[in-house]
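Undergrad:
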């Protein structure tokens with residue numbers, strides 16, 4: 527894994543993480559991420575990518591190809607701060623309240639529990655130690 531960059535001057539750093547703690551086939555699926563209505567990247571199991579972001583309120587969403595739901599999260603980005611954002615498919619165990627609040631399930635659809643949460647810095651840095659950096663290519 528490569529060293530995590532520091533936020534650029536006057537920017538915040540967002541680290542998008544996809545854990546492998548998912549069903550084997552499901553965990554292999556790419557998760558796409560958007561910020562403020564624009565796709566910004568994608569991850570595959572055990573990977574992450576970073577994005578330098580202007581300070582201010584931003585809106586994030588994530589979806590996977592087999593999931594009917596969309597995970598959303600909005601928060602204020604501060605210059606010089608690093609944020610670890612994880613969207614995950616939960617196949618067992620309880621969801622945190624933050625993950626429950628982040629779910630959007632289209633009407634008439636059944637979805638796996640899919641949520642997005644901000645991780646504390648210690649947990650985020652621990653997770654990405656063994657993860658690869660995801661490379662995103664726009665089609």
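Numbering (this note's numbering), first residue to last: 527 to 665.
Cβ coordinates follow ideal geometry from the N, Cα and C atoms, glycine included.
From which residue to which residue does the alpha helix (DSSP H) around residue 577 run?
TA: Looking at the DSSP string, residue 577 is not in any alpha helix (DSSP H); the run it does join, the beta strand (DSSP E), is 573-579.
Undergrad: Can at least three beta-carbon pairs, one atom from the segment 568-582 and one from the segment 530-546, be found at a separation below 8 angstroms?
TA: Taking a cut-off of 8 angstroms on C-beta distances, the segment 568-582 touches the segment 530-546, as three or more cross pairs fall below it.
Undergrad: Classify residue 530 as helix, strand or coil using the three-state DSSP reduction.
TA: coil
Undergrad: Residue 650 lies in the alpha helix (DSSP H); which residues open and close that run?
TA: 647-654
Undergrad: May I have the straight-line CA-CA distance separating residue 647 from residue 609, to the nearest angstrom?
TA: Their backbone Cα atoms lie some 7 angstroms apart in a straight line.
Undergrad: By DSSP's criteria, residue 568 is part of a beta bridge. Which residues make up the other side?
TA: Per the DSSP secondary-structure output, residue 568 pairs in a beta bridge with 558.
Undergrad: Where does residue 533 land, buried or exposed, given buried means 16+ other C-beta within 10 angstroms?
TA: Buried: at least 16 other Cβ atoms inside 10 Å.
Undergrad: Would you mind reading off the limits of the beta strand (DSSP E) that contains residue 536?
TA: Where residue 536 is concerned, there is no enclosing beta strand (DSSP E), given that its DSSP letter is neither H nor E.
Undergrad: Shortest alpha-carbon distance to residue 571 belongs to which of 556, 603, 536?
TA: It is 556 whose Cα lies nearest to the Cα of residue 571.
Undergrad: Below 8 angstroms CB to CB, which residues in the same chain sit around residue 529 once its five sequence neighbours on both sides are set aside?
TA: none
Undergrad: Hey, residue 605 and residue 536 are a contact pair by Cβ (cut 8 angstroms); roughly how many whole angstroms apart?
TA: Between residue 536 and residue 605 the Cβ distance is about 5 angstroms, and since that is below 8 angstroms, they are a contact.
Undergrad: Which term fits residue 603, buried or exposed, when burial requires 16 or more other beta carbons within 10 angstroms of its beta carbon?
TA: buried
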